[in-house]
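Going by our numbering, the sequence shown wraps up at 111, each residue one higher than the last. One structure is given below, encoded as structure tokens.
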Amino acid sequence: MQTAKVFMTGRSQAVRLPKEFRFEDTEVEIFRRGEEVILRKKSQTALDLYELLAAIPSDVLL
Numbered sequence: 050m051q052t053a054k055v056f057m058t059g060r061s062q063a064v065r066l067p068k069e070f071r072f073e074d075t076e077v078e079i080f081r082r083g084e085e086v087i088l089r090k091k092s093q094t095a096l097d098l099y100e101l102l103a104a105i106p107s108d109v110l111l
């Protein structure tokens, strides 16, 4: 099992993830499950889809 370093940055606690656990996104979801802290890729929402569609020029045929 791998480990990660926990450290303080300002008033926040941070975890330095090993290279193979890096996320490509700039945000992740975080939640607790019992004593575990889970990080996962942020889920896409209906608002995200709306914003993506709204950015398509109106003269583009779908």
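Ideal Cβ positions, reconstructed from N, Cα and C, are used throughout, including at glycine.
Sorting D74, S107, T52 and G83 by C-alpha distance to the C-alpha of P67 places T52 at the top.
Rounded to the nearest angstrom, the gap between the Cα atoms of I87 and D108 is 43 Å.
About 17 Å separates the Cβ atoms of K54 and F72, ruling out a contact at the 8 Å cut-off.
Every beta strand (DSSP E) of 3 residues or more that sits fully in the region 66-94 is shown, in chain order, as 77-82 and 85-90. Per DSSP, the beta-bridge partners of V64 are V55.
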